[in-house]
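Peer 1: This is the structure I have questions about; it appears just below.
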Amino acid sequence: IKEVIEDEDEKVLYRSISEPIIAKGEVIGAMTAIYPLQTPFSHLPYVTIRTDDRWVPIHLNDIVFLEAFNRKTHIASKQYKGTHRDNLSELEEKLPAENFIRCHRSYIINFHQIKEIHPDSHSTFILRMTNGSRIPVSQSYAKRFRKLLDF
């Protein structure tokens with residue numbers, strides 16, 4: 001079972017496995033193991049995207065941002081733009097937290113690719129990325145974003 005525990009500042013993803021403890025034919029309890037969700041890309045630092053005419057493996061360091069748009073996940077890297085078959089939430093679970101952060105319900109960014117942070121209305125921000133894209137940080141993610149980047 002995969003669960004998301006939310007508190008004021010952050011989300012924690014974990015998996016748990018439970019086995020019943022049976023004595024004399026009756027369930028008297030359960031043994032539960034809880035461990036952090038591992039990143040499947042940790043062994044392979046690439047995401048393969050579909051461009052107009054081919055598939056291109058993109059190193060995670062080269063990804064600038066991911067965007068959910070028109071029921072597809074679009075990935076922009078330093079050189080390529082394309083789509084991925086997984087939705088944004090599925091990719092969020094797979095991407096390493098030390099590089100990627102959700103900043104909006106439709107965007108995940110590689111914070112090593114942030115060039116500038118501009119204030120916007122109602123305590124939100126606009127991120128100017130290394131490829132020139134402008135990505136919004138919504139109110140619901142602004143506090144966590146500030147805390148993570150320490151400003």
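Number 151 marks the last residue of the sequence shown (my numbering); no jumps. For each residue, glycine too, the CB sits at the ideal point set by N, CA and C.
From VAL56, ASN131, SER121, PHE151, pick the residue whose C-alpha is nearest to that of GLN139; which is it?
Peer 2: Of VAL56, ASN131, SER121, PHE151, the residue nearest in Cα terms is SER121.
Peer 1: So, is TYR46 buried or exposed, given that buried needs 16 or more other C-beta atoms within 10 angstroms?
Peer 2: By the neighbour-count rule (16 or more Cβ atoms within 10 Å), TYR46 is not buried but exposed.
Peer 1: Taking PRO136 as the reference, which of ILE108, LEU149, ASN87, LEU148 has the closest Cα?
Peer 2: Considering only alpha carbons, the answer is ILE108.
Peer 1: For GLN113, which residues in the same chain have their Cβ closer than 6 Å to its Cβ, ignoring the five residues on either side in sequence?
Peer 2: Cβ neighbours of GLN113 beyond the five flanking positions: VAL64, MET129, THR130.
Peer 1: Where does LEU66 sit, in a helix, a strand or coil, going by DSSP?
Peer 2: Strand.
Peer 1: Specify the secondary structure class of LYS78 as computed by DSSP and reduced to three states.
Peer 2: LYS78: coil per DSSP, three-state reduction.
Peer 1: So, for PHE100: in the same chain, excluding its five sequence neighbours on each side, which residues have a beta-carbon less than 6 Å away from its beta-carbon?
Peer 2: Around PHE100: ILE108, ASN110.
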